[in-house]
Amino acid sequence: MSTVLDKSPALGPVLAAGALRSLGKRPSAGAPYPDTRLVLPGVRADPARLARYARLCAFPTPSEHLPLPYPHVLAFPLAMRLLGARDFPLPLLGLVHTSIELARHAPLPVSGSYELTVYVSGLAPHRRGTEATVVTEARLAGEPVWESRSTYLSRHRTAGEAASPPEPPDPLPPLASWDLPGNLGRAYGAASGDRNPIHLTRLTARLFGFPRAIAHGMWTAARCLAEHGDVRAARVEFRAPVLLPEVVRYGASPEGDRFELRGADGRVHVSGRVGEAP
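And the structure:
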């Protein structure tokens, strides 16, 4: 079932309503989920916000094409509306973005008018709860030009013995070190529209169990992809939150197909792989 919208949902009210609806939900991998597809035609990037995003994530000034992760920013309010809906079985409050796959099938002109479609493709058991997969597609003049698949984890008790977490990978050769300021979450929130309280201040982050504000996962993904260079497709896994402020180290494989972000203590925050779009 497709629902065509005439404008992008206001993210603040969407998040607030989703948080209230979360209180009565009991997550389960076997729960039914809606087959709604939200469609938003005529989406254009705001030049000022796009320029701010590019500077913050260290992409080149986008005079011709959108950075690979940017359609995710444009479609994020639609995804949150789906995940915060009354008939979606997992609580929006506490959902953790665990991975994203990005693929560009054609150039993404800055001036393009895009049709965005967002839907949930399934729920799956996870060793720490239930994971939802959200698919986002972008079309230009009716042709598919970009897509992503994001997974979001709802943490809860699971039946039986939980599987052990995967072993951390061996460190990749370090190529750069970044000193992340304490206000990074507020800066990225202003550029992207994602003003989740866990990213804004120490006080608001502590309300959700974090000792300090944490960096947006999509900022860490974008910053790594900007450092890696122009790519057509990537998979990024968010392994551990980055508490702000923090010094992190970017590393990449000699072959150029893998990258990672580690903290000063060696902890892996982000790992990823790049390749050709399928």
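Adding 5 to a residue's 1-based position in the sequence shown gives its number in our numbering. A virtual CB, placed ideally from N, CA and C, is assigned to each residue, including glycine.
C-alpha distance - residue i paired with residue j, whole-angstrom precision
i	j	result
R191	G198	10 Å
V285	V279	Past the boundaries of the shown model lies residue 285; the chain is included only from 6 to 283, so the question cannot be answered.
P14	D175	42 Å
E142	A84	11 Å
S276	S258	11 Å
A56	F264	25 Å
R154	S118	21 Å
R49	D40	26 Å
R200	V241	21 Å
P283	A195	Note on P283: pLDDT 49, under 50, position unreliable in the model; the coordinate value appears next. Rounded to whole angstroms, P283 to A195 spans 32 Å at the Cα level.
T135	Y157	8 Å
L20	S116	29 Å
H221	R244	12 Å
P94	G35	10 Å
V78	T163	32 Å
W224	C62	7 Å
E152	A80	11 Å
T138	G127	6 Å
P250	F215	13 Å
I203	A210	4 Å
L71	L230	13 Å
K12	E260	43 Å
L97	R86	10 Å
Coil, strand or helix - residue i by DSSP
i	result
V275	strand
P283	Note that P283 has pLDDT 49, beneath the 50 cutoff, so the model's placement of it is unreliable and the number below is only indicative. Note: P283 maps to coil in three-state DSSP.
R54	helix
T209	helix
L43	strand
A59	helix
S159	strand
P202	helix
V252	strand
V9	strand
V115	coil
R26	helix
Start-to-end residues for the alpha helix (DSSP H) that takes in residue i
i	result
F81	75-88
Y124	Element bounds for Y124: not the alpha helix (DSSP H) but the beta strand (DSSP E), 119-131.
L185	Counting along the chain, L185 falls outside any alpha helix (DSSP H), though it belongs to the beta strand (DSSP E) covering 179-185.
S197	189-197
Residue i burial status per 10 Å Cβ neighbour count (16 or more: buried)
i	result
T66	exposed
G271	exposed
L177	buried
P52	exposed
P82	buried
V9	exposed
E106	buried
S27	buried
P18	exposed
G29	exposed
L208	exposed
Nearest candidate by alpha-carbon position, reference residue i, set the options
i	options	result
T206	A22, A218, L61	A218
P112	L121, G89, E148	E148
V252	R31, L97, L185	L185
F213	V78, P246, A238, A239	P246
S182	R228, T8, L28	R228
P46	L230, L145, K30, F243	L145
G89	R132, L73, E232, S159	S159
Y193	Y75, A22, A238, A108	Y75
R132	T103, D92, E120, G268	T103
V101	R54, S68, R109, H161	H161
Delimiting residues of the beta strand (DSSP E) encompassing residue i
i	result
S13	Taken as a continuous stretch (DSSP letters only), S13 belongs to no beta strand (DSSP E), as it is neither H nor E.
L230	Careful: L230 lies outside any beta strand (DSSP E), inside the alpha helix (DSSP H) at 222-233.
R144	134-145
F264	263-268
I105	101-109
V241	238-243
Residue-level contact to chain D via CB, residue i, 8 Å cutoff
i	result
S13	Protein chain content of the structure displayed is limited to a single chain, and chain D is not contained in it.
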